[in-house]
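So the mapping is simple: this note's numbering equals the position in the sequence shown, first residue as 1, plus 244. Everything on this sheet refers to the single structure shown next.
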Amino acid sequence: MNKAFVNLFKNIAFYFFIFFISLIIIFFAINVLIEPQIKKNIATYSQISPNYFDRLGIFLKNLFTFNPGKIYSSELASAESNIMLLYLKQFKWTILISLLIFVISFFIGNILGISSAYKFNKSYDVSMSLLVSFLGSLPLLIIAVLALSNSSILGYPSQFINNSKLTIVSLLVPILISSFSTIAIFFSKARKVTFETLKSNYYLFAKTQGLNNAQLLRKIVIKDVIASELNLFFMVYILLFIISILIERIFSIPGQSILISFAFKKGEIDIIMFYFTFNFILISIMLLLNNFIIIKLNPALKKQNTFPFIFKRKKRSQNA
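Structure below.
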């Protein structure tokens, strides 16, 4: 028990060490990158130290005192003086878009993947695999441009409309076209796992126990598919994070991409660092929860590693 606690403490300490080292590297990289913009904006340049280490000290002090920092531009500060509140107002749209894309992709990808595996190598499976692969491989930028150019012909909004009645309608097309790549990910995984499950001994044994097709699907196939996709959730989140930034710019959705673009232009170092720190922490929490769920579903993994996302240990063969 004591050894397990010590290992847990070491893993947590190592994680926080990596976390702070990464933040410091990001801090210096961003400062070097936006230094020309800081010098161009008198409001920012006149209020911060020209010394990078002084800036780092202020950033770390703000980090440990939970202070999001300062907005230097009067143009932005007049709208909202608190960086956290300003960011969260924009972040809600990014979260909404990412969540809707994930839900649509998860259900459509898995339904198509499972049904395709049941008809493996038949015309339905081949045609569905080709269609999903084709749509998933299309560059999002090209699809978005085509969607914008055909909006007047097909009669849907080409830009985001911040209106209670039309908001969801204006988000529908961006969300659908952004789902193609993630649908392909879930489709591929569900098809592969379902096919392997249908050929497995325990599935064939369950059939001999009198379970009907619906029970086999619910109790075995779907369970196996979802368990196998838990490791995909973190990768999909990162992908959706990137997609949402691109789609917000193209369809003028007031998400975090617009705020960050403005912050870079004005040299708002505190806003930019809050953005990276907030998302770094959010991604870390999601990664931790993802691995915690995996361990809960498969307790055997707990013996291999308490925090598998930090140390990936090789499995030792057991000689009984």
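Each residue gets a CB set at the ideal place from its N, CA and C atoms; glycine is no exception. Predicted model only: the values in this text are computed from it and were never measured.
Nearest by alpha-carbon distance to residue i: which of the options is it?
i: residue 301; options: 320, 272, 364; result: 272
i: residue 313; options: 319, 292, 296, 323; result: 292
i: residue 487; options: 289, 393, 358, 380; result: 380
i: residue 474; options: 352, 519, 433, 384; result: 433
i: residue 512; options: 253, 268, 290; result: 290
i: residue 528; options: 389, 479, 494; result: 479
i: residue 360; options: 288, 437, 346; result: 437
i: residue 376; options: 352, 476, 364, 390; result: 352
i: residue 510; options: 265, 443, 401, 279; result: 279
i: residue 295; options: 262, 250, 275; result: 275
i: residue 269; options: 304, 255, 398; result: 304
i: residue 458; options: 287, 405, 358; result: 358
i: residue 318; options: 327, 348, 413; result: 327
i: residue 277; options: 524, 367, 516; result: 516
i: residue 533; options: 508, 497, 477; result: 477
i: residue 350; options: 523, 407, 425, 382; result: 425
i: residue 483; options: 250, 356, 384; result: 384
i: residue 405; options: 369, 378, 348, 497; result: 497
i: residue 525; options: 254, 262, 364; result: 262
i: residue 443; options: 420, 363, 309, 481; result: 363
i: residue 467; options: 447, 453, 250, 454; result: 447
i: residue 523; options: 374, 288, 485; result: 485
i: residue 494; options: 370, 514, 388; result: 388
i: residue 514; options: 472, 345, 346, 307; result: 307
i: residue 347; options: 255, 420, 371, 365; result: 420
i: residue 481; options: 531, 445, 452; result: 531
Classify residue i as buried or exposed, calling it buried when 16 or more other Cβ atoms lie within 10 Å of its own Cβ.
i: residue 257; result: exposed
i: residue 298; result: exposed
i: residue 440; result: exposed
i: residue 260; result: exposed
i: residue 386; result: exposed
i: residue 435; result: buried
i: residue 427; result: buried
i: residue 282; result: buried
i: residue 330; result: buried
i: residue 265; result: exposed
i: residue 521; result: buried
i: residue 309; result: exposed
i: residue 536; result: exposed
i: residue 286; result: exposed
i: residue 397; result: exposed
i: residue 412; result: exposed
i: residue 367; result: exposed
i: residue 501; result: buried
i: residue 288; result: buried
i: residue 556; result: Unreliable positioning characterises residue 556 in this predicted model, as indicated by a pLDDT of 45, which lies under 50. The coordinate reading is nonetheless provided below. By the 10 Å Cβ count, residue 556 comes out exposed.
i: residue 344; result: buried
i: residue 356; result: buried
In its own chain, which residues sit with a C-beta less than 7 Å from the C-beta of residue i, not counting the 5 before and 5 after it?
i: residue 450; result: 460, 464
i: residue 354; result: 430, 434, 469
i: residue 373; result: 360
i: residue 369; result: 360, 363
i: residue 508; result: 278, 281, 516
i: residue 247; result: none
i: residue 254; result: none
i: residue 250; result: none
Going along the chain, which residues of its own chain have a beta-carbon closer than 6 Å to the beta-carbon of residue i, five neighbours each way excluded?
i: residue 491; result: 418, 422
i: residue 321; result: 315
i: residue 400; result: 417
i: residue 504; result: 519
i: residue 402; result: 392, 395
i: residue 414; result: 401, 404, 405
Excluding five sequence neighbours on each side, which residues of the same chain lie with their C-beta closer than 8 Å to the C-beta of residue i?
i: residue 499; result: 334, 335, 337, 338, 341, 488, 489, 492
i: residue 598; result: Coverage of the chain is limited to positions 245 through 564, which leaves residue 598 absent and any answer about it impossible.
i: residue 284; result: 511
i: residue 410; result: 401
Say the cut is 6 Å; is the CB of residue i nearer than that to a heavy atom of the ligand ATP?
i: residue 394; result: What this structure holds is no ligand at all, so the ligand ATP is not there to describe.
Restricting to runs no shorter than 4 residues, where is the alpha helix (DSSP H) found entirely within the stretch 306 to 372? Counting only runs of at least 4 residues, the stretch 306 to 372 fully encloses the following alpha helix (DSSP H) elements, listed from N- to C-terminal order: 318 to 321, 327 to 362.
Completely contained alpha helix (DSSP H) runs for the stretch 378 to 412, where each covers 4 or more residues: Listed in chain order, they are 384 to 393, 395 to 398.
Go through the stretch 455 to 501 residue by residue and report every complete run of the alpha helix (DSSP H) that reaches 4 residues or more, in order. Listed in chain order, the complete alpha helix (DSSP H) runs (minimum 4 residues) inside the stretch 455 to 501 are 457 to 460, 466 to 473, 476 to 494.
Please give me, in chain order, every unbroken run of the alpha helix (DSSP H) with length at least 4 that falls completely inside the stretch 259 to 287. Counting only runs of at least 4 residues, the stretch 259 to 287 fully encloses no alpha helix (DSSP H) element at all.
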